[in-house]
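>
Number of protein chains: 2
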Amino acid sequence: MTAMTDQFTAGAGRTILSIDAMGGDRGPATVVAGISRSAKKNPDIGFILHGPRAELQKLVARRRPLQGRVEIRDATDVVTMDDKPSHVMRHGKGTSMWSAIDSVRSGEADVCVSCGNTGALMALSMVRLRKLPGVNRPAIAILWPSRNPQGFNVMLDVGADIRADEQDLLQYALMGASYARNGLALARPRIGLLNVGTEEHKGRAELKAAHDLIGANAEAAGFDFVGFVEGGDIPGDACDVIVTDGFTGNIALKTGEGTASLIGDLLKEAFKFSPLSRLASVLAYTSMQRLKKKIDPRRVNGGVFLGLNGTVVKSHGSADATGVAAAVKLAFQLAQSGFSEKLAARVASAAAQVQITAMDRTESGDTE
Amino acid sequence: MTAMTDQFTAGAGRTILSIDAMGGDRGPATVVAGISRSAKKNPDIGFILHGPRAELQKLVARRRPLQGRVEIRDATDVVTMDDKPSHVMRHGKGTSMWSAIDSVRSGEADVCVSCGNTGALMALSMVRLRKLPGVNRPAIAILWPSRNPQGFNVMLDVGADIRADEQDLLQYALMGASYARNGLALARPRIGLLNVGTEEHKGRAELKAAHDLIGANAEAAGFDFVGFVEGGDIPGDACDVIVTDGFTGNIALKTGEGTASLIGDLLKEAFKFSPLSRLASVLAYTSMQRLKKKIDPRRVNGGVFLGLNGTVVKSHGSADATGVAAAVKLAFQLAQSGFSEKLAARVASAAAQVQITAMDRTESGDTE
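These protein sequence lines map, in sequence, to chains A and B.
The working numbering puts the first residue of the first sequence at 28, with every later residue one more than the last.
The working numbering puts the first residue of the second sequence at 28, with every later residue one more than the last.
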């Protein structure tokens with residue numbers, strides 16, 4: 028134990044986050060810069076930082092806000108973006124990612140944050156944290172800029188699993204509602220099921236089944252079910268949580284990001300076009316910065332893995348210090364609200380509810 | 028035959044388009060305003076206009092550019108947005124939509140344009156025009172603003188059918204390539220297959236099979252196959268044509284539209300925010316109009332039904348005169364290039380090619 032650890036232990040009462048320093052595109056210096064920003068803004072966070080000790084000690088020592096706030100856990104191996112999840116599951120024990128997840132497993136930290144390889148992070152999280160009782164497929168949930176008063180909608184799954192049957196979609200609805208309650212402070216979130224039309228007869232068979240199942244569980248689970256929604260409702264105000272399978276969710280997420288990025292670039296070009304428009308860009312600077320902040324993907328950085336015994340926040344691999352700080356902020360909010368425990372309780376009670384409903388129906392001969 | 032028809036017949040050499048005047052959200056006056064705009068700009072278009080004769084005659088008489096350019100076909104029934112496709116197929120004979128499609132069936136017009144109910148339009152087109160030999164599922168293709176030099180990418184299917192197996196996806200690749208050649212003047216289009224990652228082992232089984240099938244047919248069909256692409260590549264420059272099933276394509280299309288519309292509204296708000304930003308909006312007006320024109324969905328209005336004996340352009344139901352004119356322009360370009368015949372030839376030759384390849388493989392015992 029180092030002197031740093033002693034100082035750290037002294038900082039009792041802090042919410043401790045477990046941070047994977049490695050595996051991001053910009054290396055550990057960016058991660059340390061990001062958590063330093065968070066530490067400066069928020070005196071209630073402490074960090075367990077995972078990676079090669081000597082390198083991390085140097086980086087941390089340079090950041091005054093991190094003094095006495097960081098415990099370093101030596102982990103010499105790194106999961107790269109090209110590593111196959113199956114390989115990491117077998118041989119990843121010495122990696123910073125494994126070590127970072129294990130701090131949540133042991134209960135030392137409430138939430139883990141990593142910029143690393145998504146597939147490997149999900150695979151390791153499944154193996155080390157295990158699925159919550161009653162959850163078949165964990166999901167990745169993200170926040171999406173929207174027309175709703177809270178400014179964001181929740182969408183899940185955006186890529187944990189390319190398949191989802193009606194039972195999975197029901198669990199996504201429960202988990203998404205829980206995330207909206209704790210991440211967006213919505214007492215009674217409105218849930219929508221993503222489809223190609225809002226009429227009840229449209230779409231694939233599992234979507235029709237999920238429509239009925241989610242509707243039947245809405246009251247007991249404390250959310251409103253608005254039925255089918257379309258792609259245009261993801262940034263809209265028809266609902267707060269969009270439920271879909273990980274294939275469709277991933278395509279929608281990347282299409283939205285790509286469209287926003289194209290428009291942003293065209294806008295920059297437009298402002299550069301003529302002397303008048305260049306002058307305009309100076310005058311509009313403050314307003315444009317405000318707009319940019321509103322839809323900047325770095326400000327809503329962090330996919331959250333739901334359905335495990337513990338919460339893992341996946342930051343963008345290319346996140347800069349601002350992006351890392353945003354992911355840390357999200358992790359802190361979730362840890363503070365006791366999100367992991369609340370989610371587990373919701374899923375468990377809903378699983379029991381579904382079982383009871385199923386038993387009732389069998390007994391009464393009501394098969395609908 | 029009216030005097031109008033005589034004048035019309037005299038305008039020989041014109042490219043004749045069949046226009047469904049009814050079924051759009053804004054009624055026939057908007058459709059007539061739209062085709063009038065097209066007629067003014069382009070002396071080489073003539074129209075067969077379908078709907079209630081008395082009403083249409085009055086609307087047409089008011090538009091000078093349409094004098095001698097329109098033949099009206101009386102059709103008193105209208106397909107509404109709420110009509111079920113199955114109902115329209117059985118009882119739709121007296122509708123303007125049926126009549127408009129039949130002008131393509133009879134060969135009087137090369138391309139049909141309608142703002143009506145998409146499901147009904149596809150169902151009637153299937154029944155009246157029939158599928159091309161070798162096509163299992165027709166598709167709807169759209170143009171999407173992109174970073175490519177041509178300014179747009181083609182995406183299909185965006186909602187003709189929620190299912191697509193590997194053979195369907197191969198046909199979409201062939202039809203999309205043909206559309207890119209004739210609609211965007213790309214001699215050798217680059218085709219991408221939409222997936223959740225670019226690695227070959229990712230995604231659903233039918234996507235892996237389609238990957239191999241499209242790759243094996245690229246050379247003979249005269250396109251380049253770039254392999255899997257992601258949602259972010261839809262507005263990108265990695266390929267010119269994005270191939271996907273109608274469920275995923277529809278979600279992606281509406282997500283992209285919704286995201287663009289949200290950003291547009293936030294941008295307007297930002298410009299209104301302060302006196303300085305309001306001044307900026309005046310100075311940037313011309314540049315912003317240019318940008319708006321570039322990504323205005325009305326300017327790329329028109330989903331094209333591919334895989335039928337004849338081409339049908341589906342305009343947005345809410346299209347205004349600008350939107351209708353854009354759909355007419357697209358229909359004209361496709362008619363002029365002899366698109367329907369070229370597409371049919373491509374699909375037929377590819378179907379033969381696939382059959383030969385399959386036979387070769389069976390004979391040589393190569394099952395890969």
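Don't be surprised by glycine CBs; every beta carbon is placed ideally from N, CA and C.
Small disclaimer: the values here were computed from a predicted structure and weren't measured.
1. Look at the alpha carbon of residue 76 of chain A and the alpha carbon of residue 92 of chain A, and state the distance between them as a whole number of angstroms.
2. Quick one: does residue 235 of chain A have its CB under 8 Å from some CB of chain B?
3. Does DSSP classify residue 195 of chain A as helix, strand or coil?
4. Starting from residue 141 of chain B and walking both ways along the alpha helix (DSSP H), at which residues does that stretch end?
5. Would you kindly report the start and end of the unbroken alpha helix (DSSP H) that includes residue 238 of chain A?
6. Using the beta-carbon of each residue, which ones in chain A are nearer than 8 Å to residue 149 of chain B?
7. Could you list the residues in the region 265-284 of chain B with a C-beta less than 7 Å from some C-beta on chain A, going in chain order?
8. Buried or exposed: which applies to residue 271 of chain A, given that a residue is buried once 16 or more other Cβ atoms fall within 10 Å of its Cβ?
9. Take residue 242 of chain B as the anchor and find which of B:194, B:278, B:209, B:207 has the nearest alpha-carbon.
10. Counting only Cβ pairs nearer than 9 Å, list the residues of chain B close to residue 231 of chain A.
11. So is residue 317 of chain A in contact with chain B if we call contact Cβ pairs under 8 Å?
12. Return the first residue and the last residue of the alpha helix (DSSP H) that residue 85 of chain B is part of.
13. Within a Cβ cutoff of 6 Å, which residues of the same chain sit near residue 73 of chain A, ignoring the five residues on either side of it in sequence?
14. Are at least three pairs of beta-carbons, each pair with one atom in the region 56-68 of chain B and one in the region 338-353 of chain B, less than 8 Å apart?
15. Looking at residue 253 of chain A and residue 204 of chain A, is the spacing between their C-beta atoms short of 8 Å?
16. Put residue 253 of chain A into one of helix, strand or coil per three-state DSSP.
17. Does the beta carbon of residue 130 of chain B fall short of 7 Å from some heavy atom of the ligand ZN?
18. Could you tell me the distance, in whole angstroms, from the CA atom of residue 224 of chain A to the CA atom of residue 230 of chain A?
19. My guess is that residue 190 of chain A and residue 262 of chain A are in contact by the Cβ rule of under 8 Å, so how many angstroms apart are they, rounded?
20. Please name the residue in B:312, B:297, B:372 whose C-alpha comes closest to that of residue 302 of chain A.
21. Thinking C-alpha only, which one of A:293, A:251, A:367, A:285 is nearest residue 319 of chain B?
22. Between the region 130-141 of chain A and the region 161-172 of chain A, do three or more beta carbon pairs fall short of 8 Å?
23. Considering only DSSP beta bridges, list what residue 45 of chain B is partnered with.
24. Could you name the residues of the region 161-179 of chain A whose beta carbon sits closer than 8 Å to any beta carbon of chain B, in the order they occur along the chain?
25. When the Cα atoms are used, what is the spatial distance from residue 151 of chain B to residue 114 of chain B?
26. So for residue 203 of chain A, helix, strand or coil by DSSP?
27. Which residues bound the alpha helix (DSSP H) around residue 129 of chain B?
28. Exposed or buried, residue 365 of chain A, counting other C-beta atoms within 10 Å across all chains shown (16 or more means buried)?
29. Chain A partners of residue 207 of chain B, CB-CB under 9 Å?
30. Hey, is the region 339-347 of chain B in contact with the region 143-150 of chain B, meaning 3+ C-beta pairs nearer than 8 Å?
31. Rounded to a whole number of angstroms, what is the C-alpha to C-alpha distance between residue 281 of chain B and residue 201 of chain A?
32. For residue 178 of chain A and residue 297 of chain B, what's the separation of their Cα atoms in angstroms?
33. Output the distance between the C-alpha atoms of residue 266 of chain B and residue 251 of chain A, rounded to the nearest integer angstrom.
34. Check the DSSP bridge columns for residue 158 of chain A and list the partner residues they point to.
35. In whole angstroms, what is the alpha-carbon distance linking residue 372 of chain A and residue 335 of chain A?
36. Considering only residues of the same chain and omitting the five flanking positions on each side of residue 236 of chain B, which have a CB-CB separation below 7 Å?
This is what the structure holds:
1. Spanning the two alpha carbons is a distance of roughly 15 Å.
2. Taking 8 Å as the threshold, the shortest C-beta distance from residue 235 of chain A to chain B does not fall below it.
3. The three-state secondary structure of residue 195 of chain A, taken from DSSP, is helix.
4. Run containing residue 141 of chain B: none in the alpha helix (DSSP H); it sits in the beta strand (DSSP E), 138-141.
5. Per DSSP, residue 238 of chain A is one residue of the alpha helix (DSSP H) stretching across 232-248.
6. What residue 149 of chain B touches in chain A: nothing, since even the nearest Cβ is about 13 Å away.
7. Residues passing the 7 Å Cβ filter: 274, 275, 277, 278, 279, 280, 281, 282, 283, 284.
8. Residue 271 of chain A comes out buried.
9. The shortest C-alpha separation from residue 242 of chain B is found at B:194.
10. In chain order: 189, 190, 274.
11. Answer yes: the Cβ-Cβ gap between residue 317 of chain A and chain B drops below 8 Å somewhere.
12. Its alpha helix (DSSP H) spans residues 80-88.
13. The beta carbon of residue 73 of chain A is closer than 6 Å to those of 38, 41, 43, 96 in its chain, skipping five residues each way along the sequence.
14. By the criterion of at least three beta-carbon pairs nearer than 8 Å, the region 56-68 of chain B is in contact with the region 338-353 of chain B.
15. In this structure, residue 253 of chain A does not lie closer than 8 Å to residue 204 of chain A by Cβ.
16. The answer is strand: DSSP assigns residue 253 of chain A an E or B state.
17. Among the ligands in the structure shown, none appear at all, so the ligand ZN cannot be discussed.
18. Spanning the two alpha carbons is a distance of roughly 7 Å.
19. The C-beta distance from residue 190 of chain A to residue 262 of chain A rounds to 25 Å, too long to meet the 8 Å contact threshold.
20. B:312 is the residue among B:312, B:297, B:372 whose C-alpha sits nearest the C-alpha of residue 302 of chain A.
21. Measuring from the Cα of residue 319 of chain B, the nearest candidate turns out to be A:293.
22. Cβ pair count under 8 Å is below three, so no.
23. DSSP lists B:75, B:139 as partners of residue 45 of chain B.
24. Answer set for the region 161-179 of chain A: 172, 173, 174.
25. Between residue 151 of chain B and residue 114 of chain B, the C-alpha separation is close to 10 Å.
26. In the structure shown, residue 203 of chain A sits in a helix (DSSP, three-state: H, G or I).
27. That run of the alpha helix (DSSP H) goes 123-132.
28. In summary, residue 365 of chain A is exposed, with fewer than 16 beta-carbon neighbours lying within 10 Å of its beta-carbon over all protein chains present.
29. For residue 207 of chain B, no chain A residue has a C-beta closer than 9 Å to its own C-beta; the minimum C-beta separation is roughly 19 Å.
30. Judged by Cβ distances under 8 Å, the region 339-347 of chain B makes contact with the region 143-150 of chain B, as three or more pairs qualify.
31. When rounded, the distance between both Cα atoms is 25 Å.
32. Between the C-alpha atoms of residue 178 of chain A and residue 297 of chain B there is a straight-line separation of about 15 Å.
33. Cα atoms of residue 266 of chain B and residue 251 of chain A: separation of roughly 41 Å, rounded to the nearest angstrom.
34. Answer is A:335, bridged to residue 158 of chain A.
35. Each residue's Cα considered, the two are about 12 Å apart.
36. Cβ within range, chain order: 193.
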